[in-house]
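Okay, so here's the structure we're looking at.
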Amino acid sequence: MTAQKYLVALFLVLTIFGGFGSDAQAASVSEGKIRAELLSQIELLLKEVQRLQAIIAERESAKYTLYTPYTSVYFPLDFETMYLVRDGELYAIGSEDSFENSDVHLFELFKGIVGQEAVDTYVREWRVFENKSNDLGAFVELIAGTEDWIVGVNRESFDINDSSTVKSFANLFVHEYAHVLLFEKADMTAEFKDTFWTTADLKHEAAAKSASDRNRFSVLRQYYEDNKNRFVSDYATMNSDEDMAETFVSFVRESKPTGNTIRDKKILFFYQYKDFVSLRTELRTNLAEQNVLY
Numbered sequence: 196m197t198a199q200k201y202l203v204a205l206f207l208v209l210t211i212f213g214g215f216g217s218d219a220q221a222a223s224v225s226e227g228k229i230r231a232e233l234l235s236q237i238e239l240l241l242k243e244v245q246r247l248q249a250i251i252a253e254r255e256s257a258k259y260t261l262y263t264p265y266t267s268v269y270f271p272l273d274f275e276t277m278y279l280v281r282d283g284e285l286y287a288i289g290s291e292d293s294f295e296n297s298d299v300h301l302f303e304l305f306k307g308i309v310g311q312e313a314v315d316t317y318v319r320e321w322r323v324f325e326n327k328s329n330d331l332g333a334f335v336e337l338i339a340g341t342e343d344w345i346v347g348v349n350r351e352s353f354d355i356n357d358s359s360t361v362k363s364f365a366n367l368f369v370h371e372y373a374h375v376l377l378f379e380k381a382d383m384t385a386e387f388k389d390t391f392w393t394t395a396d397l398k399h400e401a402a403a404k405s406a407s408d409r410n411r412f413s414v415l416r417q418y419y420e421d422n423k424n425r426f427v428s429d430y431a432t433m434n435s436d437e438d439m440a441e442t443f444v445s446f447v448r449e450s451k452p453t454g455n456t457i458r459d460k461k462i463l464f465f466y467q468y469k470d471f472v473s474l475r476t477e478l479r480t481n482l483a484e485q486n487v488l489y
């Protein structure tokens, strides 16, 4: 008998039992025996329902732990842990006991900022790596043939007790969320690039791409120092996609610009879109609730 059938049976028994209770003073010895038998049956039914619920939960957990992770094309890293994301919760892939507290804290921060609805809509896998020598803080990657994403994060420098570090990761998560959102906005991203990126920017992009990992930061930093009125950060000079994602972080965090620099105009670019203005309000509320807005 399924758990659903047991629950129906339990309902019927309780209904019958309730009928007997309507005239307690007139209850006979025979009725007392029936009551005792019904109570015994109810206890058995409840135990069986609990047993079946435990079996269902175990099967669901096994289904998640046996899940085969997507083979990353762009970020083939050595991951410390990988999780499947379902209904806003993490399920360790391959083992039920491989949870790390920092992984959960990072995920809860991410979910708190972008919202569970966004997590349910976009995120299938949560991956964590730890690499001191890797400048990559986080990444997102679309799973081929789906509308689901992998979100990866480098936990090496994360400290839940350090407010400045937590805020830095919050910015990182807003940046990565921007990549997910803008992936579906091809016309918008093309307009941004055509409007703001110059021939000199494109030459710099090629130079940064060809630079060694050791020298790339210096290349980005120097170009930013020379163009602070055009970019919000050094990493924004990497390419137009990173420029948009970094500018989106400033759009969310900063007040609406009143100046006329290219940097200001890039931030104002997002104000043209009502859905992004609404999203800005939502994200700022979420950041405030996570105590990382200011």
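Under my numbering, read the sequence shown as residues 196 to 489, first letter to last. Ideal Cβ positions, reconstructed from N, Cα and C, are used throughout, including at glycine. Just so it is clear, the structure is predicted and the values come from calculations on it, not from any experiment.
Arg-475 sits in a helix when the DSSP states are folded into three classes. With a contact defined as Cβ atoms closer than 8 Å, Phe-324 and Glu-275 qualify at about 6 Å. Residue range 296-309 is occupied by the alpha helix (DSSP H) that includes Phe-305.
If you check the CB distance, His-300 and Ile-345 do not come in under 7 Å.
With contacts defined as CB atoms closer than 7 Å, Val-444 and Val-375 fail to qualify as a contacting pair.
In this structure, the CA atom of Arg-246 is about 17 Å from the CA atom of Ser-235.
In this structure, Glu-336 places its C-beta atom within 7 Å of the C-beta atom of Phe-270. Within a 10 Å sphere around the beta-carbon of Arg-479 sit fewer than 16 other beta-carbons, which makes this residue exposed. Two segments are said to touch when three or more pairs of C-beta atoms, one from each, lie closer than 8 Å; by this definition the stretch 372-387 does not touch the stretch 404-421. For Arg-322, the enclosing beta strand (DSSP E) starts and ends at 318-324. In this structure, the alpha-carbon of Glu-312 lies about 36 Å from that of Lys-423. With contacts defined as CB atoms closer than 7 Å, Arg-425 and Ile-457 qualify as a contacting pair. If you check the CB distance, Leu-482 and Leu-474 do not come in under 7 Å. Between Phe-302 and Leu-285, the gap from beta carbon to beta carbon is short of 7 Å. DSSP, reduced to helix, strand and coil, places Ile-345 within a strand of the structure shown. Secondary structure at Met-277: strand, using DSSP grouped into helix, strand and coil. Judged by beta-carbon spacing, Val-318 lies beyond the 7 Å limit of Gly-283, meaning their Cβ atoms are not closer than that value. Secondary structure in the stretch 419-461: the alpha helix (DSSP H) runs of 4 residues or longer, each lying completely within the stretch, are 435-448 in chain order. Around the Cβ of Thr-341, a 10 Å sphere holds fewer than 16 other Cβ atoms; the residue is exposed. Secondary structure of Ala-406 (DSSP, three-state): coil.
Closest in C-alpha terms to Ile-288, from the list Leu-272, Ala-440 and Tyr-262, comes Tyr-262. Counting only residues of its own chain and dropping the five nearest sequence neighbours on each side, Arg-411 has a CB closer than 7 Å to the CB of Ala-403. For Glu-386, the enclosing alpha helix (DSSP H) stretches over residues 381-391.
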